[in-house]
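The structure under discussion appears below in the form of structure tokens.
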């Protein structure tokens, strides 16, 4: 097992790494031309990601290749498939990388770089499943608590399973892995600044209140038949909780799941106007669809506390060990966030809605913006399962 807080040390016989999942098949859609990306979004991508306007066209082409060829890459490598992602070259350009535990050195798909690794995605997922099962089997008051263990996931880019722990909580992570029976050679323990917590404190990213007691952020406008609504985080409110915007009651929580998942939708009164937009500073990003982006893709988030922030997708299928209970199937990014951003929008530069803010490794100041991007864990609930579970239709423009 390997321990890393960006100053690594050995603690057992092999190596312990991060987690990411394989890319799911996604609809192709049309590529968004760089001239269609608004100036505010271009500014945010340059500020947070170092993607300059001249580099944007090549990035968008790479993002489309990763999105449209994900399923084909997985089919090509079969049982030896070990994941795929977007990676940046030293010259600032981008490429799609596919990993295999087999001997193949190239792909029949143009523009895809092949990397040979030790473990297949199936092998890594087996260890991930054991960690999940170990967490599920714990009995409150009898089992040793998981204090200090933040989250765990498969990381295709490092060909490992990452277990994130609080600073100084190495032993808790080691015990968790050992008791689960997961292959410690596949696991990497990584220290994470701050404490993992949910972030609770019609246009995506704007503020709403719950029962006049707490604040969250709107995710995306949706409909269910003739009923208007918006999606948000499940931890923001319980069923029938009252949602208010600007002090006026706009609707109530129609359904929610938390923990286990972190999803909800709010049913709105007919007087509300649904807009296919996400707040971006003084402007808006148009919501065009919900095709899921690849690991390594640029993604931005909007919320009432920290506004519009950009980063990249760093992992998928993350299990978060919140105080209220484990939440599974989350996606991890490194765009900074803060308390009150919960439920807010995650969206790509191409206007593809990704999910709603769940939580992150928040510091004592209420956000993780002061943490280096490489150490941020900002987690969101994927949008497509929310739409599917509740029979919702995303409002697009």
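Numbering (mature numbering (1 follows the signal peptide of the UniProt record, and there is no 0)), first residue to last: -33 to -1, 1 to 364.
Cβ atoms here follow ideal geometry from the backbone N, Cα and C, with glycine treated the same way.
Closest residue to residue i among the options (Cα-Cα distance)
{"i": "residue 68", "options": "84, 154, 10", "result": "84"}
{"i": "residue 228", "options": "268, 361, -32, 199", "result": "199"}
{"i": "residue 331", "options": "339, 315, 306, 310", "result": "306"}
{"i": "residue 296", "options": "345, 319, 339, 349", "result": "349"}
{"i": "residue 338", "options": "347, 315, 304, 269", "result": "304"}
{"i": "residue 311", "options": "281, 214, 246", "result": "246"}
{"i": "residue 253", "options": "201, 316, 49", "result": "316"}
{"i": "residue 356", "options": "26, 276, 231", "result": "231"}
{"i": "residue 132", "options": "32, 153, 328, 242", "result": "328"}
{"i": "residue 268", "options": "302, 80, 281, 284", "result": "302"}
{"i": "residue 289", "options": "142, 344, 65", "result": "344"}
{"i": "residue 123", "options": "351, 285, 291", "result": "285"}
{"i": "residue 340", "options": "102, 159, 9", "result": "159"}
{"i": "residue 335", "options": "320, 308, 358", "result": "308"}
{"i": "residue 34", "options": "299, 354, 265", "result": "265"}
{"i": "residue 249", "options": "-33, 6, 165, 211", "result": "6"}
{"i": "residue 96", "options": "358, 150, 333", "result": "150"}
{"i": "residue 237", "options": "189, 94, 3", "result": "189"}
{"i": "residue 214", "options": "179, 243, 224, 225", "result": "179"}
{"i": "residue 111", "options": "127, 142, 210", "result": "142"}
{"i": "residue 43", "options": "28, 22, 300, 75", "result": "75"}
Three-state class that DSSP yields for residue i in the structure shown
{"i": "residue 316", "result": "coil"}
{"i": "residue -33", "result": "coil"}
{"i": "residue -11", "result": "Caution is warranted here: a pLDDT of 25 is assigned to residue -11, below 50, making its placement in the model unreliable, and the coordinate value is therefore given only provisionally. It is coil, neither helix nor strand."}
{"i": "residue 3", "result": "helix"}
{"i": "residue 279", "result": "strand"}
{"i": "residue 364", "result": "coil"}
{"i": "residue 272", "result": "coil"}
{"i": "residue -4", "result": "Its pLDDT being 42, under 50, residue -4 is placed unreliably in this model, and the value from its coordinates should be taken loosely. Residue -4 falls in the coil class under three-state DSSP."}
Limits of the unbroken alpha helix (DSSP H) element including residue i
{"i": "residue 40", "result": "23 to 44"}
Continuous beta strand (DSSP E) stretch holding residue i: start and end
{"i": "residue 101", "result": "Premise fails: residue 101 lies in the alpha helix (DSSP H), 88 to 103, not in any beta strand (DSSP E)."}
{"i": "residue 9", "result": "Segment 6 to 16 is the alpha helix (DSSP H) holding residue 9; no beta strand (DSSP E) there."}
{"i": "residue 207", "result": "No beta strand (DSSP E) contains residue 207, which DSSP labels as neither H nor E."}
{"i": "residue 122", "result": "116 to 122"}
{"i": "residue 107", "result": "Element bounds for residue 107: n/a, residue is neither H nor E."}
{"i": "residue 65", "result": "61 to 67"}
{"i": "residue 49", "result": "48 to 55"}
{"i": "residue 82", "result": "79 to 83"}
Q) Taking the runs of the alpha helix (DSSP H) that are 4 residues or longer, which of them lie wholly in the segment 127 to 203? A) Segments of the alpha helix (DSSP H) lying fully in the segment 127 to 203: 137 to 147.
Q: Flag this pair as touching only if the segment 178 to 196 and the segment 205 to 223 have three or more C-beta atom pairs under 8 Å; answer yes or no.
A: A contact exists between the segment 178 to 196 and the segment 205 to 223.
Q: Spell out a yes or no on whether the segment 54 to 62 and the segment 15 to 34 are touching, meaning 3 or more CB-CB pairs, one atom from each, closer than 8 Å.
A: Yes: at least three Cβ pairs fall under 8 Å.
**Q.** Length-filtered (3 minimum) beta strand (DSSP E) runs lying within the segment 285 to 355
**A.** Complete beta strand (DSSP E) runs here, min 3: 292 to 300, 312 to 314, 320 to 329, 345 to 349.
Q.
As an exercise, report each continuous beta strand (DSSP E) stretch of at least 3 residues that is fully enclosed by the segment 209 to 258, in chain order.
A. Qualifying beta strand (DSSP E) stretches, in chain order: 209 to 212, 215 to 224, 230 to 235, 244 to 247, 250 to 253.
**Q.** Validate contact between the segment 27 to 45 and the segment 270 to 284 using beta carbons, cut 8 Å, 3 pairs
**A.** The segment 27 to 45 vs the segment 270 to 284: no contact.
Q) Touch check for the segment 204 to 211 and the segment 253 to 263: three-plus C-beta pairs under 8 Å? A) By the C-beta criterion, the segment 204 to 211 is judged not to be in contact with the segment 253 to 263, since fewer than 3 inter-stretch pairs fall below 8 Å.
Q: Inspect the CB distances between the segment 103 to 122 and the segment 171 to 188 and report whether three or more fall short of 8 Å.
A: Three or more Cβ pairs closer than 8 Å define a contact, and the segment 103 to 122 falls short of that threshold against the segment 171 to 188.
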